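Shown next, in structure tokens, is the structure this report addresses.
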Amino acid sequence: MKTYKINEIFYSLQGEGFYTGTPAIFIRFSGCNLHCPYCDTDHSGGQMLTGPEILEEVEKYPSQHVVLTGGEPSLFIDREFIISLHSLGKFVAVETNGTNPLPGNMDWTTLSPKFDIQSSADLSIRECDEIKVIYRRQDMSIYSGITARHHFLQPCDTGDPEENRKLLEEAVEFCKEHPHWRLSLQTHKLIGIR
Ligand code: SF4
2 MKTYKINEIF YSLQGEGFYT GTPAIFIRFS GCNLHCPYCD TDHSGGQMLT
52 GPEILEEVEK YPSQHVVLTG GEPSLFIDRE FIISLHSLGK FVAVETNGTN
102 PLPGNMDWTT LSPKFDIQSS ADLSIRECDE IKVIYRRQDM SIYSGITARH
152 HFLQPCDTGD PEENRKLLEE AVEFCKEHPH WRLSLQTHKL IGIR
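The opening residue of the sequence shown carries number 2 in my numbering; numbering runs sequentially from there.
Now the structure itself:
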């Protein structure tokens with residue numbers, strides 16, 4: 002039986018983007034094809050779980066909203082995996098860096114391209130429900146070729162409070178000047194939850 006390397010499965014509130022505040026079951030896959038310097042995920046740890054073992058864990062929680070995250074979930078998931086979550090009545094959202102194709106039966110795609118790490122030519126996904134850009138003072142015109150229903154700009158958490166404050170101020174100004182973009186904050190960090 003196929004197994005998946007899972008970093009963790011946990012229940013919390015979505016902290017970022019369109020569904021901020023929504024109770025959600027997070028399935029965090031272990032492993033990514035990029036190596037972003039600001040990545041806050043441990044890619045080395047994790048346990049191998051079968052699909053039924055993952056579903057058993059997911060069924061413990063009452064929310065219908067499931068978020069596949071990582072790491073990079075597109076490296077691991079397939080159509081059958083999404084169907085199995087749908088069979089539990091779940092709404093399945095994925096957070097991806099866009100370098101790898103996704104199964105066609107996702108309910109929601111959050112695209113977070115890392116053009117400071119990867120070439121835009123490497124992008125496999127150019128349409129999504131929401132684009133979430135981690136703002137690090139990059140040229141924002143590089144995202145113009147992506148079609149998204151919702152645009153979120155999220156200041157990078159650099160670990161330096163002064164730099165974080167400057168990035169936040171710049172992101173606020175950018176949204177004010179380009180109002181189809183909205184500010185996304187890591188609200189889970191602000192209120193001290195996972
Ligand atoms: S794409 Fe995401 S998960 Fe992968 S290294 Fe970058 S920040 Fe981490």
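Cβ coordinates follow ideal geometry from the N, Cα and C atoms, glycine included.
Since the model is a prediction, treat every value here as computed from it, not as a measurement.
Of the residues Ile26, Asn101, Lys190, the one whose Cα lies closest to the Cα of Gln65 is Ile26. The residue from Leu124, Ile10, Ser85, Lys115 with its alpha-carbon nearest to that of Asn106 is Ser85. Separation of Asn34 and Glu73 (C-alpha to C-alpha, rounded to the nearest whole angstrom) is 7 Å. Counting along the chain, Asn8 sits inside the beta strand (DSSP E) bounded by residues 4-14. Proximity annotation: the ligand SF4 has residues Cys33, Leu35, His36, Cys37, Tyr39, Cys40, Thr42, Gly71, Gly72, Glu73, Asn98, Ser113, Lys115, Ile118 in chain order, each selected because its CB is closer than 7 Å to a heavy atom of the ligand.
Counted as a single uninterrupted DSSP element, the beta strand (DSSP E) harbouring His152 occupies residues 148-156. Comparing alpha carbon positions, the residue from Leu89, Asp108, Ser88, Gly90 closest to Glu96 is Asp108. In this model, Glu174 and Arg166 are separated by some 13 Å (Cα to Cα). Using a Cβ distance threshold of 9 Å, Gly52 and Glu81 count as a contacting pair.
DSSP places Arg29 outside any alpha helix (DSSP H); the residue lies instead in the beta strand (DSSP E), whose first and last residues are 24-30. Annotated three-state conformation of Glu131 is strand, per DSSP. Boundaries of the beta strand (DSSP E) harbouring Phe92: 92-97, taken from the DSSP string. The alpha-carbon separation between Phe116 and His152 amounts to approximately 16 Å. Check the Cα spacing between Lys91 and each of Ile28, His36, Gly99: the tightest is with Ile28.
For Arg80, there is no enclosing beta strand (DSSP E); the enclosing alpha helix (DSSP H) covers residues 80-87. With contacts defined as CB atoms closer than 9 Å, Gln155 and Lys133 qualify as a contacting pair.
Annotated three-state conformation of His66 is strand, per DSSP.
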